[in-house]
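Just so you know, the sequences run in chain order V and F.
With the numbering used here, letter number 18 in the first sequence gets 37, and the count goes up by one each step, no holes.
With the numbering used here, letter number 76 in the second sequence gets 95, and the count goes up by one each step, no holes.
Protein chains: 2
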Amino acid sequence: MENAPAFALDPRLAAGSDAVAALPLCHVRLKRDARFLWLLLVPERPGLADLRDLAPDDRTRLWREILRADAAVAALEEGGRRPDKVNVALIGNVVRQMHVHVVGRFLNDPAWPGAVWHHGVGPERDPAAQGRLIEGLRGRF
Amino acid sequence: MENAPAFALDPRLAAGSDAVAALPLCHVRLKRDARFLWLLLVPERPGLADLRDLAPDDRTRLWREILRADAAVAALEEGGRRPDKVNVALIGNVVRQMHVHVVGRFLNDPAWPGAVWHHGVGPERDPAAQGRLIEGLRGRF
């Protein structure tokens, strides 16, 4: 495997988000966009785009990590409230490197009840609040 | 379990789509919208919305069925071409009954590279073409 290509996080996924945890398969990042509780799960493997590109063991790992992320986001509080719904998606039409969105949604968020992918980028969360959310997430991963 | 609530497919999921297969967990349906190769997977269980609502065995079943649907859509041909990308999503903000979208996308489809959830409803596929796609899918599930 000496000549296997190395994994490198796509800078478009790194931008505007902070590292939360390194799970057995995925890097977990929290977007700074204050409108949503928006996690990204990025499998640390080179050259993945679609689910069928994953090795069998990694398929199992990814699902386990999606389920953990879903539960972690659902238990978070923002402004004293927990999300009303969690959205999970693998799209990757623009940034091809495989990444899974796990997004806590609120009935009063600006995209509700629509999906979040046509709503541009919102204001950044206050760094202290972002830090608290990350600490809370770390306790759940 | 005599008094357990019965499963009933939400009519908003049934509308505009045709039955493809009944898997161990999910009903699989193909939307008639001619713009996309758009499957819906609906777990046949009452009262589910988010992933954490699933019983442990059903979590495993759902992932297996998502992976099968991803592979089935990726192998389909429409107009002599296979999809360039497959999008997978669990959203459920409008229709709360759990359903997973598995959508074959083309570089020249009208929503590319955006997501498909803000693009209304397109013209229906020709019934003969829809029937051929369903036959092809049945051979892969």
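C-beta atoms are modelled at their ideal positions from N, C-alpha and C, and glycine is treated no differently.
- Taking a beta-carbon distance threshold of 7 angstroms, K104(F) counts as an interface residue toward chain V.
- Nearest neighbour of V105(V) by Cα position, chosen from R144(V), G158(V) and V92(V), turns out to be V92(V).
- Contact between D69(F) and D89(V) holds, with the beta-carbon distance rounding to 7 angstroms and staying under 8 angstroms.
- Per DSSP, D76(V) is one residue of the alpha helix (DSSP H) stretching across P75 to A94.
- In the pairwise beta carbon analysis, the segment 29-37 of chain F is classified as not touching the segment 78-87 of chain V: fewer than three pairs are separated by under 8 angstroms.
- The beta carbon of L67(V) lies closer than 6 angstroms to those of M117 in the same chain, with the five residues before and after it left out.
- DSSP places L32(V) in the uninterrupted alpha helix (DSSP H) bounded by P30 to A33.
- Residues of the segment 130-142 of chain F with a C-beta less than 8 angstroms from any C-beta of chain V: W131, P132, G133, A134, W136 and H137, listed in chain order.
- Within the segment 43-64 of chain F, no residue places its CB atom closer than 8 angstroms to a CB of chain V.
- Taking 3 residues as the minimum length, the beta strand (DSSP E) runs contained wholly in the segment 112-152 of chain F are 119-124, in order along the chain.
- Beta-bridge annotation (DSSP): V39(F) is not paired with any residue.
- Fewer than three pairs of CB atoms, one per stretch, sit closer than 8 angstroms, so the segment 129-143 of chain V makes no contact with the segment 93-101 of chain V.
- Residue burial annotation: V113(F) is exposed, with fewer than 16 other C-beta atoms found within 10 angstroms of its C-beta.
- Among the bridge pairs identified by DSSP, R48(V) is matched with A38(V) and L59(V).
- Listed along chain F are R71, each with a C-beta nearer than 7 angstroms to that of A90(V).
- Below the 7 angstroms Cβ cutoff, chain F contributes P132 as neighbours of V113(V), in chain order.
- Note that the C-beta distance between V122(V) and V135(V) is below 7 angstroms.
- At a Cβ-Cβ threshold of 7 angstroms, A53(V) and R144(V) count as neighbours.
- A direct Cα-to-Cα measurement between L152(F) and R101(F) gives close to 12 angstroms.
- A straight line joining the alpha-carbon of L58(V) with that of A27(F) spans about 32 angstroms.
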